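Chains as they are written, first to last, in the working numbering: chain A, 191 to 363; chain B, 191 to 363.
For each residue, glycine too, the CB sits at the ideal point set by N, CA and C.
For clarity, every value in this text was computed on a predicted model and none was experimentally measured.
Here's the structure, in structure tokens; my notes come after.
Protein chains: 2
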Amino acid sequence: MIVILRLGHRLGRDQRISTHCGLVSRVLGADKIIYSGEQDSGILKNIEEVGVRWGGSFAASYEKNWKSAVEEYKRKKFSVVHLTMYGQQIHEKIKALRKKANILIVVGGEKVPPDIYQIADYNIAIGNQPHSEVAALAIFLHEYFAGKELGKNFKSAKLKIIPQDRGKKVEES
Amino acid sequence: MIVILRLGHRLGRDQRISTHCGLVSRVLGADKIIYSGEQDSGILKNIEEVGVRWGGSFAASYEKNWKSAVEEYKRKKFSVVHLTMYGQQIHEKIKALRKKANILIVVGGEKVPPDIYQIADYNIAIGNQPHSEVAALAIFLHEYFAGKELGKNFKSAKLKIIPQDRGKKVEES
Numbered sequence: 191m192i193v194i195l196r197l198g199h200r201l202g203r204d205q206r207i208s209t210h211c212g213l214v215s216r217v218l219g220a221d222k223i224i225y226s227g228e229q230d231s232g233i234l235k236n237i238e239e240v241g242v243r244w245g246g247s248f249a250a251s252y253e254k255n256w257k258s259a260v261e262e263y264k265r266k267k268f269s270v271v272h273l274t275m276y277g278q279q280i281h282e283k284i285k286a287l288r289k290k291a292n293i294l295i296v297v298g299g300e301k302v303p304p305d306i307y308q309i310a311d312y313n314i315a316i317g318n319q320p321h322s323e324v325a326a327l328a329i330f331l332h333e334y335f336a337g338k339e340l341g342k343n344f345k346s347a348k349l350k351i352i353p354q355d356r357g358k359k360v361e362e363s
Numbered sequence: 191m192i193v194i195l196r197l198g199h200r201l202g203r204d205q206r207i208s209t210h211c212g213l214v215s216r217v218l219g220a221d222k223i224i225y226s227g228e229q230d231s232g233i234l235k236n237i238e239e240v241g242v243r244w245g246g247s248f249a250a251s252y253e254k255n256w257k258s259a260v261e262e263y264k265r266k267k268f269s270v271v272h273l274t275m276y277g278q279q280i281h282e283k284i285k286a287l288r289k290k291a292n293i294l295i296v297v298g299g300e301k302v303p304p305d306i307y308q309i310a311d312y313n314i315a316i317g318n319q320p321h322s323e324v325a326a327l328a329i330f331l332h333e334y335f336a337g338k339e340l341g342k343n344f345k346s347a348k349l350k351i352i353p354q355d356r357g358k359k360v361e362e363s
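Written out as structure tokens, the structure reads:
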């Protein structure tokens with residue numbers, strides 16, 4: 191089971207980036223995203239609606255206290271992977287991480303609480319350069335699932351895209 | 191040479207997502223990003239400043255008319271790859287695309303002009319599901335460069351991260 195924890199969400203300012211984190215987690219094979227920071231029912235509703243239309247069983251929830259969320263998953267024997275530009279490079283760690291069936295992936299917001307570097311089992315960088323938590327999450331999941339996640343079948347989808355060379359084809363059921 | 195064209199940027203609303211597109215392009219081995227839509231000197235400045243501090247020669251510019259930008263790169267014999275959830279799946283096309291040295295990667299904004307599906311040489315999906323242009327761009331570049339882009343050396347960097355198991359270490363020069 192792969193769970194994402196998005197730290198430090200801020201209403202308004204982070205809405206789109208945080209929504210992208212949720213949608214990317216869903217499409218790249220994760221099971222759930224937990225948002226921390228400011229409570230934002232709009233995001234949870236957005237992600238739920240995407241699930242209703244596009245299928246699958248991805249879940250989104252809110253947890254005020256990120257540290258208790260991490261501790262809960264630690265008790266459940268999840269490995270905690272914090273994605274940060276300051277961490278060890280992904281290619282050095284991904285083989286070991288692929289052997290772990292249960293991972294809590296933590297992605298920061300604008301300001302990351304310093305504790306997370308200590309609490310995490312792994313601090314992992316997708317390039318030791320500033321870029322994007324959305325991209326870091328995407329590449330981590332893509333590497334973890336070794337590309338197989340893109341063939342995932344989303345059950346009970348109302349909408350299904352039929353890939354085209356040009357234009358759009360969507361089947362509705 | 192890999193150039194990104196970001197369509198339909200809107201001031202304010204798209205600022206962070208468009209900035210992430212630029213930073214992701216830079217870190218994952220592209221040479222340049224061109225923004226279209228509303229002109230936003232703040233984004234160009236942001237990306238330039240990241241380059242000054244973190245090294246490399248990545249460039250960002252603005253082009254009012256996206257179609258003339260595409261035509262210019264077509265004349266220069268670039269392959270035009272439009273990333274869209276409606277396109278053909280990446281794993282079916284990436285081997286052929288890796289053989290092309292010059293690619294213009296087009297990523298849409300909220301509303302994508304329908305012409306681009308026709309003008310592009312390839313319409314490529316990173317999962318036929320809604321998610322994020324930042325993530326699609328990241329996975330495309332990561333696949334195109336086959337992971338080697340993460341070892342890229344950014345020349346003349348003032349700041350350099352020394353990867354750590356815990357905490358942050360940055361060397362300044």
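Taking a contact to mean a Cβ-Cβ separation below 9 Å, would you say residue i touches residue j in this structure?
i        : j        : result
A:Ile306 : A:Phe268 : no
B:Val214 : A:Ala315 : no
B:Ile224 : B:Ser208 : no
B:Gly245 : B:Phe344 : yes
B:Pro353 : A:Tyr276 : yes
B:Ile280 : A:Leu331 : no
A:Lys283 : A:Tyr252 : no
A:Arg206 : B:Arg203 : yes
A:Gly148 : B:Lys350 : The requested residue 148 of chain A is not part of the displayed model; chain A covers only 191 to 363.
A:Ser322 : B:His321 : no
A:Gln278 : A:Lys254 : no
B:Met191 : B:Ala336 : no
Rounded to the nearest angstrom, how far is the Cβ of residue i from that of residue j, given a contact under 8 Å?
i        : j        : result
A:His199 : A:Gly227 : 3 Å
A:Val296 : A:Leu218 : 16 Å between Cβ atoms; not a contact.
B:Ala259 : B:Asp221 : The pair is not a contact, with the Cβ atoms about 15 Å apart (cut-off 8 Å).
A:Gln308 : B:Arg356 : 6 Å
B:Ile237 : A:Ala328 : Contact doesn't hold; Cβ gap of about 20 Å is too wide.
A:Gly298 : A:Thr274 : 7 Å
A:Leu195 : A:Trp256 : 6 Å
B:Arg243 : B:Lys359 : Between B:Lys359 and B:Arg243 the Cβ distance is about 16 Å, and since that is not below 8 Å, they are no contact.
Which residues of chain B have a Cβ atom closer than 9 Å to the Cβ of residue i, listed in chain order?
i        : result
A:Tyr225 : Near A:Tyr225 there are no residues of chain B at all, since even the closest Cβ is about 16 Å away, more than 9 Å.
List the residues of chain B whose Cβ lies closer than 8 Å to the Cβ of residue i, in chain order.
i        : result
A:Arg196 : What A:Arg196 touches in chain B: nothing, since even the nearest Cβ is about 13 Å away.
A:Ile207 : Arg206, Ile207 and His210
Helix, strand or coil: which one does DSSP assign to residue i?
i        : result
A:Gln308 : helix
B:Gly277 : strand
A:Arg196 : strand
B:Ile316 : coil
A:Lys235 : helix
B:Lys350 : strand
B:Glu282 : helix
B:Lys290 : coil
B:Glu333 : helix
B:Ala220 : coil
A:Val324 : helix
B:Glu261 : helix
A:Ser251 : strand
B:Glu362 : strand
A:Val242 : helix
B:Val214 : helix
B:Gly227 : strand
Can you pull the chain A neighbours of residue i, defined as C-beta to C-beta under 8 Å?
i        : result
B:Met275 : Ile351
B:Phe199 : In the sequence under discussion, the amino acid at residue 199 of chain B is His, which differs from the Phe named in the question. Chain A residues near B:His199: none, gap ~13 Å exceeds 8 Å.
Determine the chain B residues that contact residue i at a beta-carbon separation under 7 Å, and present them in chain order.
i        : result
A:Lys358 : Tyr276
A:Leu213 : Pro320, His321 and Ser322
A:Ile237 : Neighbours of A:Ile237 on chain B: none; closest Cβ ~10 Å, over 7 Å.
A:Arg355 : Per the sequence presented here, residue 355 of chain A reads as Asp, with Arg not at that position. What A:Asp355 touches in chain B: Gln278 and Asn313.
Who are the neighbours of residue i on chain A, taking C-beta pairs under 7 Å?
i        : result
B:Val217 : Gly317, Gln319 and His321
With a threshold of 8 Å (Cβ to nearest heavy atom), would residue i be considered close to the ligand ATP?
i        : result
B:Asn318 : This structure lacks the ligand ATP; in fact it carries no ligand of any kind.
* When you check each C-beta in the stretch 321 to 343 of chain B against every C-beta of chain A, which residues fall closer than 7 Å? -> His321, Ser322, Val324, Ala325, Ala328, Ile329, His332, Gly337 and Leu340
Name the residues in the stretch 239 to 272 of chain B whose C-beta lies less than 8 Å from a C-beta of chain A; which are they?
-> Val240 and Trp244
Mind listing which residues of the stretch 279 to 291 of chain B have their C-beta closer than 8 Å to chain A's C-betas, in chain order?
Gln279, Ile280 and His281
Taking a Cβ distance cut-off of 9 Å, strictly less, list which residues of the stretch 294 to 320 of chain B are near chain A, in chain order.
Pro304, Tyr307, Gln308, Ala310, Tyr312, Asn313, Ala315, Ile316, Gly317, Asn318, Gln319 and Pro320
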